[in-house]
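Worksheet: the structure to be examined is printed underneath.
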Amino acid sequence: MTDRVKQLEQQLLRDPFDAAARGEYAELLLLGGHHEQSLSQWLLLLKQEPKSAAAHLGAARCCHERGDGSARDAHLEDARACEDFDADDPFVRSLAPAEETRLVALRGLAGGKQELPARGEVISIASTDKVRFADVVGMKELKKLIRLRIIEPFLKPGLFQRFKKRSGGGVLLYGPPGCGKTLIARAIATECEAAFTPIGISDILNMWIGESERNLAAIFEKARQQSPSVLFFDELDALAYARSKANSDHTRTLVNEFLNQLDGMSGRNDRVLVLAATNMPWDVDEAMKRPGRFDRQIFVPPPDAEARAEMLRMKLCDVPTDWYDERALSAACHHFSGADIDGLIERAKDEVLAEILDSGDERNLTHADLAQAAEAIEPTTLEWLKTARNLVKFGGAGAAYKDVEKYLRSAKLY
Ligand SMILES: Nc1ncnc2c1ncn2[C@@H]1O[C@H](COP(=O)(O)OP(=O)(O)OP(=O)(O)O)[C@@H](O)[C@H]1O
Ligand SMILES: [Mg+2]
């Protein structure tokens, strides 16, 4: 830490409401690469000055560095709404080209005819924030399986061809919400050294009525041109749902186009991997699961105790924290998803920040804060696990969901 940072720390201890000092402190932390700490300082400043564009931009930059695009965009929106917002800010400008590329890509997909959709309604075309396997906590067995079944065949298609194993094709990740399906999909793309294109099915369904099939075909075509690439269809059940309803010719043709594209994919060695994710695998049409389509299905379970402890350690490593017992906390977080653990930490931080603003005394996060937050949070996986149990135990879905059954038994939920 530089002398200036230490000076500012002293200054803030004397006067926690010195906004200029806090802004400078947050900025220096950010420049020093301490993104989490800097973010908490900007957030603290925002409590004091909610209409400060600089503080929103600072927070946006931290979120950007942490790879949290949606939080970054939310802060950017807030910054834009502030009176002192400066569109010429270097960070705002640095984002502009990416946005422009995305819009050009969308214009291309839309055949250049349609009006572009308003902000927030678009398909995200590319994600630059790389997630590696090492960033995905736990899931040791799952990572091994993914290496063998997805990454290696993709990186060494020749080897697998000699053993008459396919590379590419479709893989469906399923499991309770917040347990890392999207995260691991992004990590797979990085590990495969492939371009990653995430596509929300509901985006396709909602956009450009009548143009969706063309968009879909264009997306697949672009992935082939860009290969090696990974296409990631989130919320696959939304499409299956649309099919079962089949309420319009339009959705029917869209689903058929999707199946066509998948079939077209399996015949060639395109080096395009199609990943999809769903919380509701039982709602996904059987037609989707036929050979050559999403015939490989992988269960992404909630983190076990060891993984939860590691997640806490990882996610708290750059938060000002006193001693805490990660084993005890992990035990208190039974059935928590990764997202629930994020929520726990955010909640504990909020409480502490609010207290600091009230009392004017800065302090670190403690075990008690975390334990209290853990107690206040209900795990979001339980409902999913109950539904899965009913289906596996009584609904005759046992054979298709062997891994789920194994998990439920080990978690004593069966
Ligand atoms: N294994 C993990 N390691 C580290 N963080 C994780 C892990 N699993 C989940 N998380 C955290 O939870 C957040 C949500 O995970 P993610 O979006 O991948 O879940 P999901 O399974 O796709 O959920 P949904 O079904 O709601 O789409 C991640 O951004 C990450 O912060
Ligand atoms: Mg997801």
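For the sequence shown, this note's numbering begins at 10 and goes up steadily by one.
Here a beta-carbon is modelled for each residue, glycine too, at the ideal position from N, C-alpha and C.
- Of the candidates 55, 198 and 304, 55 places its Cα closest to the Cα of residue 28.
- Boundaries for residue 243: no alpha helix (DSSP H) harbours it, while the beta strand (DSSP E) harbouring it runs 238-243, taken from the DSSP string.
- Taking 8 Å as the cut-off, the Cβ atoms of residue 200 and residue 142 count as close.
- DSSP lists no bridge partner for residue 273.
- Beta bridge pairing from DSSP links residue 146 with no other residue.
- For residue 413, the secondary structure class from DSSP, reduced to helix, strand or coil, is helix.
- DSSP, read as helix, strand or coil, puts residue 191 in helix.
- As far as DSSP is concerned, residue 390 takes part in no beta bridge.
- Per the CB criterion, closer than 5 Å to any heavy atom of ligand 1, the qualifying residues run in chain order as 145, 146, 186, 187, 188, 189, 190, 191, 192, 288, 347, 348 and 351.
- In terms of Cα proximity to residue 285, the closest of 209, 263, 266 and 320 is 209.
- Residue 306: member of the beta strand (DSSP E) spanning 305-308, first to last residue.
- Here residue 379 carries a helix assignment [DSSP, helix/strand/coil].
- In the same chain as residue 192, and ignoring 5 residues on each side of it, the C-beta atoms closer than 8 Å to its own belong to 140, 144, 145 and 347, in chain order.
- The residues 147 and 339, in chain order, have a CB closer than 8 Å to that of residue 315 in the same chain once the five nearest residues on each side in sequence are set aside.
- The secondary-structure analysis by DSSP pairs residue 41 with nothing; it has no beta-bridge partner.
- Pairing residue 94 with residue 153, the inter-Cα distance amounts to about 48 Å.
- Here the alpha carbons of residue 371 and residue 202 stand approximately 44 Å from one another.
- Taking a C-beta distance under 8 Å as the contact criterion, residue 75 and residue 44 qualify as a contact pair.
- The beta carbon of residue 390 lies closer than 6 Å to those of 185, 311, 344 and 346 in the same chain, with the five residues before and after it left out.
- Classified as buried, residue 238 has 16 or more neighbouring CB atoms from the shown chains inside 10 Å of its CB.
- Going by beta carbons, residue 100 and residue 179 fall outside the 8 Å limit.
- In the structure shown, residue 34 adopts helical secondary structure according to DSSP, grouped into three states.
- Residue 205 carries a strand assignment under DSSP once its states are collapsed to helix, strand and coil.
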